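Chemist: Numbered according to the working numbering, the sequence shown spans residues 725 to 988.
Quick one: the structure is below, and I'll ask about it shortly.
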Amino acid sequence: MTSHVHPALAQVRQLLLITDNELDDAIAELEILALDEEDDVDMPRLAAGAGPAEALAWLLRTDLLPQDDFLRRVQDMPRRHGGEALLERQQLAADALKLVNGQAIDTLYDEDLINQWQRDAAHASLPEKRLLASPIDALREILRQGTLTAQQFELLRTRQHGSELGRIIVDGAARQARRERPAYARPGTWVMAALLVLVLAFAGRAIVSGQAPSPAAARVAGQGVERPDLQQRAVHAVESARLPGAGADLSITVVQDDATPPAR
725 MTSHVHPALA QVRQLLLITD NELDDAIAEL EILALDEEDD VDMPRLAAGA GPAEALAWLL
785 RTDLLPQDDF LRRVQDMPRR HGGEALLERQ QLAADALKLV NGQAIDTLYD EDLINQWQRD
845 AAHASLPEKR LLASPIDALR EILRQGTLTA QQFELLRTRQ HGSELGRIIV DGAARQARRE
905 RPAYARPGTW VMAALLVLVL AFAGRAIVSG QAPSPAAARV AGQGVERPDL QQRAVHAVES
965 ARLPGAGADL SITVVQDDAT PPAR
């Protein structure tokens, strides 16, 4: 660990909201950002005068503090702390969440994805125990709350103008919505189900038709007409194919439909 530590980061570590390894990673990140200060690096920066809530929010935005680990520590606070110590840590965590979530909402407004009224309404209803880790999560949240209607979201998805970041946010929210939709609610599922029903219906009709003979076929089944000319031809054909020396023990009757065969 280097000798220079941002005071807010040191305070967050003292409150056991981050680990030593996470603090080291944060210090290294600040050193890299300081070297690239003149470059146009699109990375969140921690102001020199930032307090512990801003520092914690910065750690969350840069993913130096994984959100799952952070939320797990927040849930574990009552077991590890009590009294004023617990209240201090809970308030700090809540302030950091509000900062991160609020910035995600502000990004939607900056990218012209929501209007001022929607931004203010979203700020007023920010989740207190859930992290909106990105503008995509923020857009999904205000869509679930109804601050942004499904029709308005569809207009955003199909509009031709807007920034590249705005399109990335909308496309990401649309992909998340498709993944979260139940299988039975997806259009493809209903199409496949309808096709399956049709196939089963046709198959059932074919089976029933094959098992139930028509009345005409039933009448013909018991009838036949004897044809002597055809009988002679059949005898001749069999005799021609018989092996030499084999006895002619044959009895052939040729019948034709619509006649009753003679009694033997």
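Using N, Cα and C, we set each Cβ at its ideal position, and we do this for glycine too.
Keep in mind that this is a model prediction, so the values were computed, not measured.
1. Is the separation between the beta-carbon of Leu837 and that of Gly890 shorter than 8 Å?
2. Between Pro911 and the rest of its own chain, which residues show a CB-CB distance below 8 Å, the 5 nearest in sequence each way excluded?
3. Give the single residue among Ala845, Lys853, Glu755 and Leu821 whose Cα lies nearest to the Cα of Gly870.
4. According to DSSP, simplified to helix, strand and coil, what is Thr1018?
5. State the CB to CB distance for the pair Gln815 and Ile860, rounded to an integer number of angstroms; the pair is presumed to be in contact (CB under 8 Å).
6. Determine, using beta carbons only, whether Glu746 and Leu788 come nearer to each other than 8 Å.
7. Express the C-alpha separation of Met767 and Pro731 in angstroms, rounding to a whole number.
8. Using 10 angstroms around the beta-carbon of Thr743, count the other beta-carbons present and answer buried if the total reaches 16, otherwise exposed.
9. Please give the ranges of any beta strand (DSSP E) in the segment 824-898, keeping only runs that are unbroken, at least 3 residues long and fully inside the region.
10. Output the distance between the C-alpha atoms of Asp792 and Asp830, rounded to the nearest integer angstrom.
11. Under the rule that 16 or more other beta-carbon atoms within 10 Å means buried, what is Gln738, buried or exposed?
Modeler: The relevant details are as follows:
1. For this step, residue 837 is matched to residue 113 along the sequence shown. For this step, residue 890 is matched to residue 166 along the sequence shown. Between Leu837 and Gly890, the gap from beta carbon to beta carbon is short of 8 Å.
2. Counted from its first residue, the sequence shown places residue 911 at position 187. The predicted model places Pro911 with a pLDDT of 48, which falls under 50 and marks its position as unreliable; any figure quoted below should be read in that light. Excluding residues within five positions, none has a Cβ falling inside 8 Å.
3. Position 146 of the sequence shown, counted from the first residue, corresponds to residue 870. Each of Ala845, Lys853, Glu755 and Leu821 was checked against the Cα of Gly870, and the nearest Cα belongs to Ala845.
4. Residue numbering for the chain in the displayed model covers 725 to 988; residue 1018 lies beyond these limits and cannot be assessed.
5. Mapped onto the sequence shown, residue 815 falls at position 91. Mapped onto the sequence shown, residue 860 falls at position 136. Actually they are not in contact, since the Cβ atoms of Gln815 and Ile860 sit about 28 Å apart, beyond 8 Å.
6. Numbered from its first residue, the sequence shown carries residue 746 at position 22. Numbered from its first residue, the sequence shown carries residue 788 at position 64. Going by C-beta atoms, Glu746 is nearer than 8 Å to Leu788.
7. Sequence index remark: in the sequence shown, residue 731 carries index 7 (1-based). Sequence index remark: in the sequence shown, residue 767 carries index 43 (1-based). Straight across, the Cα-Cα distance linking Pro731 with Met767 is about 20 Å.
8. What you label residue 743 is simply residue 19 of the sequence shown in a count that begins at 1. By the Cβ-count criterion, Thr743 is exposed, with fewer than 16 other Cβ atoms from all chains shown falling within 10 Å of its own Cβ.
9. For the segment 824-898, not a single whole beta strand (DSSP E) run of length 3 or above is found.
10. Position 68 of the sequence shown, counting from 1, holds the residue named residue 792. Position 106 of the sequence shown, counting from 1, holds the residue named residue 830. Rounded to the nearest angstrom, the two C-alpha atoms are 23 Å apart.
11. Locating residue 738 in the sequence shown gives position 14, where the first residue counts as 1. Flag for Gln738 reads exposed.
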